[in-house]
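Taking it in order: structure first as structure tokens, then the write-up.
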Amino acid sequence: MLSVFVPVIVMAQLDRIRPGMPEADFQKQFPAAQYVPMKSWINSPHTEDGIDGNVSYYAESDTVRTYQFTSNAVAGPCAEYPGADSAAVEKLLEVARTLSGHYSDIFGTPSAHSSAGLTIPPPQLEEVNVFYSKWKTPLYEITVSVHRWQKLKDDPRMEINGPHTPVKASCDYYFEVSAMGKGLQIKGEFGIGITTDEFLAQHPDYAGKISAEAAYWQLDDTLTSNYGSWRFTFVNSALAAFSLDIYDGPHYGNGMDSGYAAVRERALALVADAEKQFGKADSASKKFPEKLHSRKPSNNYYRDVYYEAKWKKGKDGMEIVADEFGGGKTGAPVIHLHLYYGPE
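Per my numbering: the sequence shown = residues 2 to 345.
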């Protein structure tokens with residue numbers, strides 16, 4: 002990861018962070034904090050031109066930004082299974098061609114277009130487009146595609162029911178449409194650029210299907226690893242929740258022992274600051290080991306908790322946790338420090 006120096010206010014002490022503090026005071030206290038707007042999204046079953054699948058919309062700052070429709074998988078022939086029925090995938094291709102012509106009438110000639118036969122041996126890639134059209138300008142980007150998931154030799158999906166018997170003698174195909182950008186043309190065709198209220202007025206059936214992430218302020222932590230980040234959430238302009246996550250270890254340019262020592266020192270300092278503001282922890286580990294546990298490399302995922310402290314404050318709670326996790330396909334282990342204050 003490329004590290005960029007940003008002059009931040011030192012975040013070494015919790016006594017500068019007060020639950021309920023006004024948002025305006027927070028901005029004065031931490032001018033380097035960056036505002037991250039509210040995000041919301043919808044993922045819902047949908048039928049497009051007679052094709053069943055899933056539609057998704059993504060909105061940021063109360064404005065729809067992206068649209069995507071992905072069909073359910075349909076079976077079809079490929080180089081591996083040339084005799085499979087092609088009716089379902091031909092329907093996807095027919096819809097893709099028709100829609101591509103429709104978009105060409107609105108947005109002009111595609112900036113990129115390609116097609117390939119279903120049974121032509123593809124390159125050694127997992128995803129292969131058999132139809133693809135793309136319209137790209139400085140204002141927007143739209144794609145229409147039919148793609149196949151190729152079963153590679155080391156793909157776990159190549160399991161067999163019996164000796165030399167494939168799970169199914171066909172390949173999976175998907176039809177997909179995606180759009181993002183701005184401008185009247187894309188707004189009229191996909192609803193991109195309208196507000197979430199306008200969107201719900203047009204699609205009332207989606208009212209109960211919206212997921213959202215509240216807006217928050219983010220601030221880099223000053224631990225030397227540069228892999229720490231604070232997050233602050235305000236409700237009615239008052240600080241309602243905040244958290245800190247720090248990661249260290251080989252993945253982050255530090256050794257396990259030195260990474261653990263840095264995280265341990267920081268965790269103990271935060272616990273001391275928390276006790277000054279919130280009092281003695283309601284529950285805490287008896288001790289914080291000075292050294293890492295001795296652990297042999299493992300192919301299985303693991304998580305070791307080295308220290309945990311918790312405070313209860315009315316409806317809110319606070320916790321500080323130091324742990325290590327790794328194993329399996331994650332590669333080198335990671336040292337992690339987590340702090341959270343807010344609703345339990």
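Don't be surprised by glycine CBs; every beta carbon is placed ideally from N, CA and C.
Check                                                                                                                           : Outcome
Cutoff 7 Å; reference S112; Cβ partners in own chain excluding five residues on either side                                     : K135, W136, K137
Straight-line Cα distance separating H148 from E61                                                                              : 29 Å
As assigned by DSSP and simplified to three states, the class of P229                                                           : Note that residue 229 corresponds to Gly in the displayed sequence, not to Pro. The answer is strand: DSSP assigns G229 an E or B state.
Among Y248, A213, S230, nearest to A33 - alpha-carbon criterion                                                                 : S230
Sub-8 Å separation of L240 and L340 beta-carbons                                                                                : no
CA-to-CA distance, H204 to K210, given in whole angstroms                                                                       : 11 Å
Contacts around M181, its chain only, beta-carbon distance under 6 Å, and the 5 residues preceding and following it disregarded : T67, E142
Stretch pair the region 254–267 + the region 34–51: three plus CB contacts closer than 8 Å                                      : no
Spatial distance of Q278 from K288 (CA atoms)                                                                                   : 21 Å
CB contact below 8 Å: A262 versus chain D                                                                                       : Within the model displayed, chain D is absent; a lone protein chain is all it includes.
Continuous beta strand (DSSP E) stretch holding I43: start and end                                                              : 40–49
Candidates P78, A97, Y82, of which the one nearest A88 by Cα                                                                    : P78
For N338, the first and last residue of its enclosing beta strand (DSSP E)                                                      : The question names Asn, but residue 338 is Leu in the sequence shown. Note, L338: beta strand (DSSP E), 335–344.
contact_flag[the region 304–313, the region 289–296] where n(CB pairs < 8 Å) is 3 or more                                       : yes
Three-state secondary structure (DSSP) of I143                                                                                  : strand
Whole-angstrom distance between D283 and K314, CA atom to CA atom                                                               : 10 Å
Residue burial classification, I121 (beta-carbon count within 10 angstroms, cutoff 16)                                          : exposed
Coil, strand or helix - E81 by DSSP                                                                                             : coil
Euclidean distance between Cα positions of R19 and T197                                                                         : 33 Å
DSSP state of Y248 mapped onto helix, strand, coil                                                                              : strand
DSSP bridge partner residues for R149 (one or two, in chain order)                                                              : V129, Y174
Status (buried if at least 16 other CB within 10 Å, exposed otherwise) for Q236                                                 : Looking at the sequence shown, residue 236 is not Gln but Val. V236 should be labelled exposed.
G54 (DSSP reduced to helix, strand or coil)                                                                                     : strand
T138 - containing beta strand (DSSP E), residue span                                                                            : Premise fails: T138 is in no beta strand (DSSP E) and is neither H nor E.
Three-way DSSP call (helix, strand, coil) for K311 in this model                                                                : strand
8 Å CB neighbourhood of F27 in its chain, flanking five on each side removed                                                    : A34, W218, F233, F235, L240
A202 burial status per 10 Å Cβ neighbour count (16 or more: buried)                                                             : exposed
Span of the beta strand (DSSP E), counted from its first residue to its last, around G328                                       : Careful: G328 lies outside any beta strand (DSSP E) and carries neither H nor E.
Contact set for E177: own chain, Cβ-Cβ below 8 Å, skip 5 residues either direction                                              : Q69, F70, T71, S72, T144, V145, S146, V147, H148
G254 (DSSP reduced to helix, strand or coil)                                                                                    : coil
Euclidean distance between Cα positions of A213 and T110                                                                        : 36 Å
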